[in-house]
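*Asks:* This structure is in structure tokens; I'll ask about it shortly.
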Amino acid sequence: MTEQQDVTYDVETAQQDVTYDVETAQKKWRAVWEDLNPFQAADDGSRERRYALTMFPYPSGDLHMGHAEVMALHDVIARYWWQRGYDVLNPIGWDSFGLPAENAAIKRDEHPATYTYANIETQAESFRRYAVSFDWSRRLHTSDPEYYRWTQWLFLRFRERGLAYRKSSPVNWCPNDQTVLANEQVVGGMCDRCGAEVTKRELTQWYFKVTDYAQRLLDDMEGLKDTWPERVLAMQRNWIGRSEGAYVDFDIEPRDGQDEALSVTVFTTRPDTLYGATFFVVAADAKLADELCAPEQREAFDSYLTQVRKESDIDRLASDRPKTGVFLGRHAVNPVSGERIPVWAADYVLADYGTGAVMAVPAHDQRDLDFAQAFDLPVRMVVDTGEPDPAQTFVATPGDGTYVSSSSDGFSLDGLSDKVTGIRRIVERLEAEGHGRSAVNFRLRDWLLSRQRFWGCPIPIVHCPTCGEVPVPDDQLPVVLPDLRGADLKPKGTSPLAAAEDWVNVDCPSCGGPAKRDSDTMDTFVDSSWYFLRYCSPHYTDGPFDPDAVRDWMPAHQYVGGVEHAILHLLYSRFFTKVLHDMGMVDFEEPFQALMNQGQVINQGKAMSKSLGNGVNLGEMIDRYGVDAVRLTLVFAGPPEDDIDWADMSPSGSLKFLQRAWRLSGDVTAPVGGAVDAGDVALRKATHRTVADAAQLIDGHRFNVMVARVMELVNTTRKAIDAGCGPADPAVREAVEAVAVLLSLVAPYTAEEMWARLGHQPTVARAGWPVVDEALLVEDSVTAVVQVQGKVRARLEVAPGIAEADLEAAAMADPGVQRALEGKTVRKVIVRAPKLVNIVAG
């Protein structure tokens, strides 16, 4: 029939020095699994479905310790679901477009496709060796034209809905990669890809209008709070940054010769402090600053703007740096007091936050106060918080208090101490006089998706001098990247595609005249914002995915990956899913039901780095200890979310344990299929308790504790055998078979070896979860610990259902407890039946 029937083992003696050849076993069982293909989803509705999804890898080289950890943890869940009888979708693919692959290829003088697909094959081979239970029939690569055809198709649908647009604005620019970056890709003022310091440039770029979904992205996190890590939700909430306040309109006094005043709107969360606004600040790099600048201030402003454009947003927002700015030669009119206040350009306001302008209330905002101090501007306290006057101390008082100096034209907040009422009343006045309105603002900015690089999904737009932006017709998709082998792909600030004349010059799809393709490519995060949907039907040709298949499998039941994607990938994927829902393509709004973040694998207390000399080569670890020992070490190290310091790990100890477990399988002589309700009762209870606990621990993602329980069962079984429980005892077979099934989640090669030696045909991965006899979970007695003044004075064997009063009486009657209490007065007795009595005496 199949090759696996030829895999046989001689039952070996149970001597403690007997071991199996790890490398031979790995080669043997990999061949068997490839023949059996046990992890291909049936997808026929015969069983309940579960979708186990891991963040797909980037092909930057061979697998590293981070890959090893996340895949080991992810595989516990997928294999567990198979054992529980589910039809499991566990696909694999590669996020194969992007800057790192392109940069690496350029350094090696290779074409990005050559470099990328070679790395993919290297990683695929390593994944197979590592025995991850992937369904390889669903493999995909985002750089394949049959995939990015649909990325382009989705882009055009978004554009039709007004969600993809092109505009000119100041953007983040990486001088090393020579491309723009989304706000989310700037970390600490540096490019998250290469670490170069990010600057600003004014460019026309493509955006996705994610801000249209800001409130829904925020609201829908409520349904994720029990299944997603709170820190991820908090990071997304903070990034979305919802704030309530008001839009306030300030009239800018006209320059000489102008008939009408210009009105500028600002957003503020504290409109109730309007009477304290003593100057007006515009972001120096905002178009508004240029428009407002008076002719006599032009030279000073232009010089200052040149300086500001060299600064990163992080530097500009730093609270400890000196404040700089330039007067624009204009004045604004405070809409509630009528006061003329000077308009300044400064770097501590960002052009893409709100309207790029703020009313400055220095008494109650430290940055405004620092600016006022630097340029000798007025400071007026309008909320008395009970703290010293900021004009004297130069320490702002942003808290709540009693309004002062806040009245004009028969309107007054003076004496009021309720901030909510103060805000409501000032907004009512602004609305009545046409100077403002209540509003909600978000920190979230639209997603900048253009990249000036070659190795990415081409943007399916043609630019025609007559028709403007023209979408490429659906029947002409995909717009395939030209080969450009031998061309200079080094970053130059414009896409290499712009120089590919045969590719970029086309006829306009609308009028037929000469036109040019858009030469930018898409951010790779566009590709990864919908790949999980394509997995459901990777070979579907009538759309990006088969709606019926997505309805069957999605949303994904479990997503596993790093917390570093909390904002970028996860937020974008949620946005994509909501748009697709609104388009009627999916019937859910959140793509991932549950999320698990793994920690980082470090070494000697620090992140692994070649420069630090503390890198750990995964391949070397596997060669030395075997796949199973590495996997077991990573899973057993601690809770999934904790960092793992490899210097503290013991893969050699893991290998010794696996050998002990394997030797048990050679000690079993009870026949296959024999009595299942006979044998040593104590061992049977230990087995059934372990299986029951393992299920709860895996469901709770406490994989390390599950491994500990399996280790305990191995020790218990060995002790039972050594104590005279013969190898023919059915309880021994039951225990060892349970060990094999449980180990199959973590150490698949060892588990398969054990299963074969126990007389079963492969594969143990589909053996089924052991059935638990609830009667064997009932404890005859438990050990109750009795403490006096925090010291253990007795251990009592009591019934599991003992009443608190009875347990207290038994504890007080114990001779050891009585001796400890001699000459003392019992002040308090704390009883936690059936396991603890704590006596406080003095």
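So that you can map any letter, position 164 of the sequence shown is 148 in this note's numbering, and since no number is skipped, the others follow by simple counting. We put the beta carbon where it would ideally sit given N, CA and C, even for glycine.
Of all the options 715, 737 and 325, which has the alpha carbon lying nearest to the alpha carbon of residue 725?
*Replies:* 737
*Asks:* Is residue 822 helix, strand or coil by DSSP?
*Replies:* Residue 822 sits in a strand when the DSSP states are folded into three classes.
*Asks:* Counting Cβ pairs, one atom from each stretch, are 3 or more of them under 8 Å apart for the stretch 650 to 660 and the stretch 607 to 623?
*Replies:* Three or more Cβ pairs closer than 8 Å define a contact, and the stretch 650 to 660 falls short of that threshold against the stretch 607 to 623.
*Asks:* Do you know whose CA, among 134, 645 and 89, lies nearest residue 521's CA?
*Replies:* Relative to the Cα of residue 521, the nearest Cα in the group 134, 645 and 89 belongs to 134.
*Asks:* Please report the straight-line C-alpha distance between residue 367 and residue 295, rounded to a whole angstrom.
*Replies:* 34 Å
*Asks:* Taking three-plus beta-carbon pairs below 8 Å as touching, is the stretch 449 to 458 in contact with the stretch 90 to 100?
*Replies:* Taking one beta carbon from each stretch, the stretch 449 to 458 and the stretch 90 to 100 have fewer than 3 pairs nearer than 8 Å; the two do not touch.
*Asks:* Quick check on DSSP: helix, strand or coil for residue 608?
*Replies:* helix
*Asks:* What are the residues that DSSP puts in a beta bridge with residue 191?
*Replies:* Residue pairing of residue 191 in beta bridges, as defined by DSSP: 149 and 432.
*Asks:* Within 8 Å, do at least three Cβ pairs link the stretch 148 to 161 to the stretch 178 to 188?
*Replies:* Between the stretch 178 to 188 and the stretch 148 to 161, the count of C-beta pairs closer than 8 Å reaches three or more; the two stretches touch.
*Asks:* Let's see if you can read the secondary structure: which residues bound the beta strand (DSSP E) around residue 33?
*Replies:* Here the beta strand (DSSP E) through residue 33 covers 33 to 38.
*Asks:* Express the C-alpha separation of residue 598 and residue 638 in angstroms, rounding to a whole number.
*Replies:* 22 Å
*Asks:* Once you ignore the five residues that flank residue 382 on each side, which residues in its own chain have a CB closer than 6 Å to its CB?
*Replies:* 348
*Asks:* Rounding to the nearest angstrom, what Cα-Cα distance links residue 828 and residue 388 in this structure?
*Replies:* Lying before the first or after the last residue shown, residue 828 is absent from the chain, which here runs from -15 to 826.
*Asks:* At the level of alpha carbons, what is the spacing between residue 333 and residue 582?
*Replies:* 37 Å
*Asks:* Rounded to a whole number of angstroms, what is the C-alpha to C-alpha distance between residue 803 and residue 758?
*Replies:* 41 Å
*Asks:* Could you tell me which whole beta strand (DSSP E) segments of length 3 or greater appear in the stretch 244 to 316?
*Replies:* 246 to 252 and 263 to 267
*Asks:* Whether or not the stretch 50 to 66 and the stretch 18 to 36 are in contact is what I'm after, with contact meaning three or more pairs of Cβ atoms, one per stretch, closer than 8 Å; do they touch?
*Replies:* yes
*Asks:* What span of residues does the beta strand (DSSP E) with residue 534 cover, start to end?
*Replies:* No beta strand (DSSP E) holds residue 534; the alpha helix (DSSP H) holding it covers 531 to 537.
*Asks:* Would you tell me roughly how many angstroms separate the C-alpha atoms of residue 770 and residue 806, rounded to the nearest one?
*Replies:* 16 Å
*Asks:* Using only CA atoms, which one of 799, 801, 810 and 790 lies nearest to residue 835?
*Replies:* There is no way to answer for residue 835, as the model of the chain reaches only from -15 to 826.
*Asks:* Is the stretch 313 to 322 touching the stretch 254 to 267 in the sense that three or more CB pairs, one from each, lie closer than 8 Å?
*Replies:* yes
*Asks:* Does the Cβ of residue 585 lie closer than 7 Å to at least one heavy atom of the ligand MN?
*Replies:* The ligand MN is absent from the structure shown, which contains no ligand whatsoever.
*Asks:* Between the beta-carbon of residue 31 and the beta-carbon of residue 70, is there less than 8 Å?
*Replies:* Between residue 31 and residue 70, the C-beta gap is smaller than 8 Å, which places the two residues in contact.
*Asks:* Within 8 Å, do at least three Cβ pairs link the stretch 133 to 150 to the stretch 107 to 115?
*Replies:* No, the stretch 107 to 115 does not touch the stretch 133 to 150.
*Asks:* Since residue 392 contacts residue 398 with CB under 8 Å, what's their CB separation in whole angstroms?
*Replies:* Wrong, their Cβ atoms sit about 11 Å apart, outside the cutoff.
*Asks:* If contacts are defined as beta-carbon pairs under 8 Å, then residue 312 and residue 273 qualify, I think. What distance do you get, rounded to the angstrom?
*Replies:* 7 Å
*Asks:* Enumerate, from N- to C-terminal direction, the unbroken beta strand (DSSP E) stretches of 3 or more residues contained entirely within the stretch 386 to 469.
*Replies:* Those beta strand (DSSP E) runs which fall completely within the stretch 386 to 469 and span 3+ residues are 420 to 426, 445 to 448 and 452 to 455.
*Asks:* With 16 other CB atoms within 10 Å as the buried threshold, where does residue 808 fall?
*Replies:* Classification for residue 808: exposed.
*Asks:* Quick one: what does DSSP say residue 86 is sitting in, helix, strand or coil?
*Replies:* Under the three-state reduction of DSSP output, residue 86 falls in the helix class.
*Asks:* By the three-class DSSP mapping on this structure, what secondary structure does residue 324 have?
*Replies:* strand
*Asks:* Go ahead and label residue 718 buried or exposed: buried means 16 or more other beta carbons lie within 10 angstroms of its beta carbon, across all protein chains shown.
*Replies:* buried
*Asks:* Can you look up residue 795 in the DSSP assignment and give me helix, strand or coil?
*Replies:* helix
*Asks:* Pairs of beta-carbons, one from the stretch 185 to 193 and one from the stretch 148 to 156, closer than 8 Å: are there three or more?
*Replies:* These segments touch.
*Asks:* Give me the Cα-Cα distance between residue 502 and residue 568, rounded to the nearest whole angstrom.
*Replies:* For residue 502 and residue 568, the distance between alpha carbons rounds to 29 Å.
*Asks:* With respect to the beta strand (DSSP E) encompassing residue 341, which residues constitute its N-terminal and C-terminal limits?
*Replies:* From DSSP, the beta strand (DSSP E) with residue 341 extends over 341 to 344.
*Asks:* Relative to the C-alpha of residue 330, which residue among 323, 322, 336 and 341 is closest?
*Replies:* 341
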